[in-house]
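Engineer: First, the structure itself, so that you have it in front of you.
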Amino acid sequence: MRLTFAFLCCAALAAAEHGEVLAILGPDRLAIQYYQLPVVVRLAEIEIPAENADQAQVRLGEATGKKSNITWAPDLGADDAGTPRVYVALGSSAASLGEMLIEAGLARFAPLGQGGRQRERFAAAEAKAKKAKAGIWAVAAAPAPAPAPAAPAKPVAGQFVAEVDGKHFYPADAPEAARLNPKRLVRYASEAAARKAGKQPYAPSAPGAVATLDEARASYGRAKALCEQAAGQGPTEERDKLYERAFLELSGAMQVFSAAAEAKPADEALGEELRQCTQLRYAAMKSKRYH
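Using this note's numbering, you'd call the opening residue of the sequence shown number 8 and step up by one each time.
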């Protein structure tokens, strides 16, 4: 199931596609907008020590909201969670974000496969970091005393959050936001940024909200009927609207199927429902024309 999802993500990331960096999800994980679809990727051929993770994530935060140049190749593959490994550069820069972290001494060069396309640049960046004794290559110092445990950070009013494949976005301090999976969380600086990423504002009484497996299955059935209806039409605006409605239905359903499958990893039937929902959602996204 994870390999299938990884294949779908990688198929969407052809070489040198441009998309806005929506959020930093970890020291080497980003959410990047591909058309209206937020795609999670991992920086290829780098290894970040645990003690440098926070610094690396802060450094990557400078990329939020900027246009990116994504390069993926089959030999880079995906990680154990199915997240595709890619090179990400900002704008017209030849240096990727991975190279930037290596040169700053926040990551090590970790070659993959038969030889990544950026192998020489990464090796040169690591040699430069070693020479400058930057970051992990610095001379070891006496360990500092352990800091007191910090209080959990409070959500910042005015920010908005959503799950990567979720249908809705929420104010960061809303009660509903506390129920989201923190590992799949994407933050937006404004409501406009969330809408641009294809999210819809959450309304507790919204009739289209999907919360249970029965609702997810019903939503999948409606989306399948919409796709069948759209497939029988020519390339018209009405056809695009049908696929868009199907995509939104499937996004909500997939969120529920995904959470249920994670809770019951041995349930093959549930895994199959998630796979079918994911495939149909991807097909709806690819079938819609982009003007």
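For every residue, glycine included, the Cβ atom is placed at its ideal position computed from N, Cα and C.
#1: Specify whether the region 252-268 and the region 277-287 touch according to this definition: at least 3 beta carbon pairs, one from each stretch, less than 8 Å apart.
#2: Helix, strand or coil for Ala204? Go by DSSP, reduced to three states.
#3: Nearest to Ala169 by CA position, among Ala238, Leu108, Ala204, Ala145, is which residue?
#4: Assuming Glu106 and Arg128 form a contact by the criterion Cβ under 8 Å, report the distance between their Cβ atoms to the nearest whole angstrom.
#5: Do the region 77-84 and the region 54-61 touch if we need at least three Cβ pairs shorter than 8 Å?
#6: What's the C-alpha gap between Ala141 and Gly68?
#7: Out of curiosity, what's the CA-to-CA distance linking Leu97 and Asp221?
#8: Given a threshold of 16 other Cβ atoms within 10 Å of its Cβ, counted over all protein chains shown, does Ser197 qualify as buried or as exposed?
#9: Suppose you measure from the CA of Gln207 to the CA of Ala200; what does that come to, to the nearest Å?
#10: For the beta strand (DSSP E) that Val193 lies in, which residues bound it at each end?
#11: Give the range of the beta strand (DSSP E) segment to which Arg92 is assigned.
#12: Since Arg128 is in the alpha helix (DSSP H), which residue starts that stretch and which ends it?
#13: Got a sec, what are the start and stop residues for the beta strand (DSSP E) Ser75 sits in?
#14: Mind checking whether Pro171 and Arg191 have CB atoms under 7 Å apart?
#15: Among Glu52, Ser100, Glu133, which one has its Cα closest to the Cα of Val93?
#16: With H, G and I counted as helix, E and B as strand and the rest as coil, what does DSSP make of Ile55?
#17: Between Trp144 and the rest of its own chain, which residues show a CB-CB distance below 8 Å, the 5 nearest in sequence each way excluded?
#18: Within 7 Å of any Cβ in chain C, is that where the Cβ of Gln40 sits?
#19: For the alpha helix (DSSP H) that Arg49 lies in, which residues bound it at each end?
#20: So, at 8 Å on beta carbons, what are the nonlocal neighbours of Leu119 in its own chain, with the 5 sequence-adjacent residues on each side left out?
Structural biologist: By the coordinates alone:
#1: yes
#2: Working through the sequence shown from its first residue, we reach residue 204 at position 197. It is coil, neither helix nor strand.
#3: For the purposes of this step, residue 169 is taken as residue 162 along the sequence shown, with counting starting at 1. It is Ala204 whose Cα lies nearest to the Cα of Ala169.
#4: For this step, residue 106 is matched to residue 99 along the sequence shown. For this step, residue 128 is matched to residue 121 along the sequence shown. Right, the Cβ-Cβ distance comes to about 5 Å (below 8 Å), so this counts as a contact.
#5: no
#6: Position 134 of the sequence shown, counted from the first residue, corresponds to residue 141. Position 61 of the sequence shown, counted from the first residue, corresponds to residue 68. The straight-line gap from Cα to Cα measures roughly 20 Å.
#7: As a position in the sequence shown, residue 97 is number 90, starting the count at 1. As a position in the sequence shown, residue 221 is number 214, starting the count at 1. Taking the straight line from one Cα to the other gives about 43 Å.
#8: As a first step, residue 197 must be located in the sequence shown, where it is residue number 190. Exposed, because fewer than 16 other Cβ atoms sit within 10 Å of the Cβ of Ser197.
#9: Your numbering for residue 207 matches position 200 in the sequence shown. Your numbering for residue 200 matches position 193 in the sequence shown. Whole-angstrom Cα-Cα distance: 11 Å.
#10: If you number the sequence shown from 1, residue 193 lands on position 186. Counting along the chain, the beta strand (DSSP E) containing Val193 begins and ends at 192-195.
#11: Position 85 of the sequence shown, counted from the first residue, corresponds to residue 92. Here the beta strand (DSSP E) through Arg92 covers 92-97.
#12: For the purposes of this step, residue 128 is taken as residue 121 along the sequence shown, with counting starting at 1. 126-139 is the span of the alpha helix (DSSP H), which, as asked, contains Arg128.
#13: Walking along the sequence shown from the start, residue 75 turns up at place 68. Element bounds for Ser75: 74-78.
#14: What you label residue 171 is simply residue 164 of the sequence shown in a count that begins at 1. What you label residue 191 is simply residue 184 of the sequence shown in a count that begins at 1. For the sequence presented, residue 171 should be read as Val rather than Pro. Yes, the pair counts as a contact, with Cβ atoms nearer than the cut-off.
#15: By one-based count along the sequence shown, residue 93 stands at place 86. Closest by alpha carbon: Glu52.
#16: Along the sequence shown, one-based indexing puts residue 55 at 48. Note: Ile55 maps to coil in three-state DSSP.
#17: Residue mapping note: residue 144 aligns to position 137 of the sequence shown, counting from 1. Gly112, Ala136, Lys137, listed in sequence order.
#18: Among the chains of the structure shown, chain C does not appear; only one protein chain is present.
#19: One-based indexing of the sequence shown puts residue 49 at position 42. Looking at the DSSP string, Arg49 is not in any alpha helix (DSSP H); the run it does join, the beta strand (DSSP E), is 44-50.
#20: Walking along the sequence shown from the start, residue 119 turns up at place 112. Hits under 8 Å: Ala51, Glu52, Asp82, Leu83, Gly84, Arg92.
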